[in-house]
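Under the numbering used here, residue 285 is the last one in the sequence shown; the count climbs by one each step, no gaps.
The structure appears right after this line, and notes come after that.
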Amino acid sequence: MQVEVYFDVLCPWCYIGKRRLAAALKARSDAIVVWRSFELDPDGSRIPSLTAAQVIATYQNDPARASARVAHIQALGAAEGLELNLHRARPVNSFDAHRLIHLAATCGLADAVLERLLRGYHTEGRDIADPDVLQALGVEAGLDLAHIGELLTGDAFTGEVRADERRAAQRGIRGVPALVIDGAPPVSAVQEPAALASLLERAARF
């Protein structure tokens, strides 16, 4: 069974969804998870500016609603054991982070590198557009420093990121995290673990 997950490191729901999917997959040994790139803001700046909480406030146009939204996301994260610091995380261009995860996939470290990037961005407030930060986090997750350096000074895996995004568009995916099980229509990956486990079980029967 192939489980494709479209994600962006910038998305707190992706961090929550990753935890819930992991819980749903505990009882399965037949699932291969493939992480697919989806940039929420392809034209985003590489220079950090507003925090994620401030960005939410600009969309809500209501301080009380914005605060409630931030608190809701943080509470859902906490329920999964995650510390989501939306007042520290600053959205930036995530393209190189996606390329780094594609590099990691070639040596079986995609999950580990994604996990480290998610924690670095959402919990520690690290700048995931900064090559030095990507190098440090990638090495911590097990990647070779020289390989990361080659990636960040070149254009390796650009085609893979773009291919994922074209595939997402073809499948009608407009938000993340989105789950595709054995090529079926995409569904939300932020469902409760029991609901995700049910989807996986149903797919395994057909």
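Each residue gets a CB set at the ideal place from its N, CA and C atoms; glycine is no exception.
This one's a predicted model, so the numbers in the text were calculated from it and none came from an experiment.
- Spanning the alpha carbons of residue 171 and residue 247 requires a straight line of approximately 21 Å.
- Boundaries around residue 139 are those of the alpha helix (DSSP H), 131-139, since no beta strand (DSSP E) includes it.
- Counting along the chain, residue 222 sits inside no beta strand (DSSP E), nor does DSSP assign it H or E at all.
- Here DSSP, grouped into helix, strand and coil, assigns residue 268 to coil.
- Pairing residue 221 with residue 184 gives a Cβ-Cβ distance that is not under 8 Å.
- Check the Cα spacing between residue 202 and each of 155, 168, 80, 242: the tightest is with 168.
- Take the alpha-carbon of residue 200 and the one of residue 206: they are about 7 Å apart.
- Take the alpha-carbon of residue 95 and the one of residue 234: they are about 30 Å apart.
- Looking at 228, 229, 279, 174, the one whose alpha-carbon comes closest to that of residue 125 is 174.
- Residue 244 is positioned such that its CB atom lies closer than 8 Å to that of residue 118.
- Separation of residue 143 and residue 137 (C-alpha to C-alpha, rounded to the nearest whole angstrom) is 12 Å.
- Contact between residue 98 and residue 162 fails: their C-beta atoms lie close to 12 Å from each other, not under 8 Å.
- In this structure, residue 259 sits away from residue 177, with a CB-CB distance that is not shorter than 8 Å.
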